[in-house]
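Enquirer: In the UniProt record's numbering, the protein residues as written are 1 to 844.
1) Going by CA-CA distance only, name the one from 672, 631 and 377 that's closest to residue 618.
2) Give the secondary structure of residue 357 by DSSP, where H, G and I count as helix, E and B as strand, and everything else as coil.
3) Which residue from 227, 232, 217 and 210 puts its Cα closest to that of residue 262?
4) So is the beta-carbon of residue 541 under 6 angstroms away from any non-hydrogen atom of the ligand GDP?
5) For residue 725 versus residue 660, is the C-beta distance shorter than 7 angstroms?
6) With a threshold of 6 angstroms on Cβ separation, who are the neighbours of residue 687 within its own chain once the five nearest residues in sequence on each side are excluded?
7) Could you tell me which of 270, 128 and 40 sits nearest to residue 108, measuring between CA atoms?
8) Rounded to whole angstroms, what's the CA-CA distance from residue 269 to residue 258? Just pull it up for me.
9) So, with DSSP's three-state summary, where would you put residue 275?
10) Consult DSSP for residue 250 and reduce its assignment to one of helix, strand or coil.
11) Report yes or no: do three or more beta-carbon pairs, one from the region 644-653 and one from the region 709-726, lie closer than 8 angstroms?
12) For the region 416-424 against the region 524-532, are there 3 or more C-beta pairs whose distance is under 8 angstroms?
13) Please list, in chain order, all residues of the same chain as residue 56 whose beta carbon is under 6 angstroms from its beta carbon, the five residues on each side excluded.
14) Are the region 419-435 and the region 531-549 touching by the rule of at least three beta carbon pairs closer than 8 angstroms?
15) Compare the C-alpha of residue 657 against each of 761, 596 and 106 and name the closest.
16) When burial is assigned at 16 or more other CB atoms within 10 Å of the CB, is residue 137 buried or exposed?
17) Between residue 719 and residue 693, is the Cβ-Cβ spacing less than 7 angstroms?
18) For the alpha helix (DSSP H) that contains residue 126, what are its first and last residues?
19) Would you mind working out which of 277, 42 and 409 sits nearest residue 599, comparing C-alpha positions?
20) What did DSSP end up calling residue 241 once you bin it into helix, strand or coil?
21) Between residue 521 and residue 474, what straight-line distance do the alpha-carbon atoms span, to the nearest angstrom?
22) Closest by CA to residue 265, which one among 214, 99, 238 and 207?
23) Ordered along the chain, which non-local residues of its own chain (more than five positions away) have a Cβ less than 7 angstroms from that of residue 260?
24) Just mark residue 662 as buried or exposed, buried being the case when its beta carbon has 16 or more other beta carbons within 10 Å.
25) By Cβ distance, which residues of its chain are closer than 8 angstroms to residue 620, with the 5 residues on each side in sequence left out?
26) Under a Cβ-count criterion, where at least 16 other Cβ atoms within 10 Å of its own Cβ denotes burial, should residue 616 be classed as buried or exposed?
27) How far does the alpha helix (DSSP H) with residue 690 in it extend, from its first residue to its last?
28) Less than 6 angstroms between C-beta atoms, sequence neighbours within five positions excluded: which residues of the same chain meet that for residue 691?
29) Helix, strand or coil for residue 150, going by three-state DSSP, please let me know.
30) Below 7 angstroms CB to CB, which residues in the same chain sit around residue 240 once its five sequence neighbours on both sides are set aside?
31) How big is the Cα-Cα spacing for residue 80 and residue 73?
32) Less than 7 angstroms between the beta carbons of residue 850 and residue 238, yes or no?
33) Does DSSP put residue 674 in a helix, a strand or coil?
34) Residues in the same chain with beta-carbon distance under 6 angstroms from residue 571, minus the five sequence neighbours each way, listed in chain order, please.
35) Closer than 8 angstroms is the cut-off here; do at least three beta carbon pairs connect the region 33-51 with the region 75-92?
36) What does a CB cutoff of less than 6 angstroms around residue 194 pick up in its chain, not counting 5 residues either side in sequence?
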């Protein structure tokens, strides 16, 4: 140490400076090792102060981290706790470049916190929380570089940054009078200092936000601030009551209630909390391992005695040459060491460069592999997404298919109900129009009859007028002739008198008689003329009245005829509209039937339909029902072509036919899934043919031009083929009904029993004949042979309702018949010619 004070006299400033730097580094490393240890005691301030001074001297925390990386932090939780405490002090009070050095080792701090957070140690959770706090603090200062690590900032800088958050720090319950408790509580000094600044910043920024934004928008900010305020106040109160903090720090008091941000005047009442740390030195405790190097020569300002100064000067002069020689020798050694160090450094540099090159090559290879892996990962992710999309689409298609099926069924039912209601309305309106038309025709016929009667009456009146006119003319002619004839008669009488002279009396009488007769005739004629004139005038008057009434009737008839013609035209229009609506209903029903059959055809190629199966019996029942519906369709079509105003029967038949045909197609395909290959191919082909012919028939029904040639016969042929294939696929023996089968078996058993009775009768005859012809052992053998046949006479006691051809009773009867025939043959062989004829028995 003495060389440090003799540097001005020696002149070797370079060596002295190097020695001073090495001495400072040694002192800093010693302080680090003494500050961060496994003893459960708080970090001493003088050690922390030397570490902080070291960071200011080297303008960074490089030396601190070079030593700290070698600490066994994972082996001891107290060591990790003190490490976090020292790092916090370095961040707060160290050089500002210490933040960048600490950020380089951010991952180490995170790993340390995660390690001890997963272990159930008494300091484990504390270390995890402290590591999280340090990482948050470093990230905060990196994000807001204007705010220094000790959180000393002006109002202008705070307003410029205007972005921060307060962290809720939980204290650890500890006894502050023990070293273990002080070890846990000592880092809270820096936490309290940070909290006071952050609280002040938050209050100012919230007042500023409330001045710019509505209060409702900042309700969440106020709630969070109130929670943090109460937590911070509780934290300060608890820390203030601890004996350990009373001599180290003065903790400020927060107000009883949080600031009221809704009143801007409350900002003036806000007082900044100030943390005060007393300038008293920490009481030093004697430590066996705390041996700080002390200078051999005191360089303080205390004046030394003159005698001591002279002795020092003499000593200096005496040892100067020795020191020079020693320094030269040391210099040579240092040069040699320097060359050796340079060579080793060069060698190390070469090795490091080669290692760097190899590591760069490995890094490049890993980068390529990583890129390849990323590409493969991206491809796999895309394939996975595609698979998921396909699955989702498949599920959605299934769900959509089910919904569409149900909706289609509902829509079909609704459409059919609407068509049915519309058809009913049209039928009722058509009937009403027919009634109106009949009434109109009746009124028209009555009007025409009335008009004909008027015409006939008019003709009769005209004929009567002509007759009366003719009678009048005839009478006038008669009067004229009478007037003419009187002079003629008089002349004739005069000429007769001239020719045949008479007596005067006779002539006078004769004239008198003639004149009286003529006078009477004249009066009679005058009276007749007056009567005829009166009758003629009355007839003229009646003719005029009749003519006026006829004119009125003609006008009324004309008006009624016009009205009736209008009604008739309206009826024709309504009837035409009714026909068009009937045909539109037919087209709608045909379109719906086409969609049903097309949907059934689409299911033939649907992969989901492959799993569907059906029995041939059900297919046969569906095909038979379809044939019946085809007959109804044909009958309804003929009725519609005969009377196009009634389409109800055809609509009902088409609706039933479309559902049954679709059902036949689907069940035919489902039956083909379980049928042999040949039958399956033919059945599938016929199902498609049925769909094709049905669609063609429905297409013909949709057009008026092709309506006449629409014929469902081709559909009937294809359905009959499907029916035959279904019957071929049915299990054998199932084509006869159970009751018919029982009757057949009963008949067969009855015939067998009758044959057996006949055979037994003949055997009795043979036995009687044999008793007469044979005797002894032969007779006994024949009787035993024949007695075994008597057991065949008793038929089963129960009625055979449900026997099949392979039933046990059938086999029993058959075997009995065979046994009977065999025994009869044996008897015939034994008896020979004496046996009777067995023709009847062999007929069994």
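All residues carry an ideal CB built from backbone N, CA and C; glycine is no exception.
Expert: Checking against the coordinates, here is how it stands:
1) 672
2) helix
3) 210
4) The model depicted lacks the ligand GDP and carries no ligand whatsoever.
5) no
6) 665, 668 and 669
7) Comparing Cα positions, the closest option is 128.
8) 11 angstroms
9) coil
10) strand
11) no
12) no
13) 95
14) no
15) 596
16) buried
17) no
18) Per DSSP, residue 126 belongs to the alpha helix (DSSP H) from 124-143.
19) The shortest C-alpha separation from residue 599 is found at 409.
20) coil
21) Going by the C-alpha atoms only, they are around 16 angstroms apart.
22) For residue 265, the nearest C-alpha among the options comes from 207.
23) Contacts found: 266.
24) buried
25) So the list reads 723, 726, 727 and 730, once near-sequence residues are dropped.
26) buried
27) 677-701
28) 597, 601 and 665
29) In the three-state DSSP reduction, residue 150 falls in the coil class, being neither helix nor strand.
30) Excluding residues within five positions, the ones whose Cβ falls inside 7 angstroms are 251.
31) 5 angstroms
32) Nothing about residue 850 can be read from this structure; the chain reaches only from 1 to 844.
33) Three-state result, residue 674: coil.
34) 433 and 437
35) yes
36) 151
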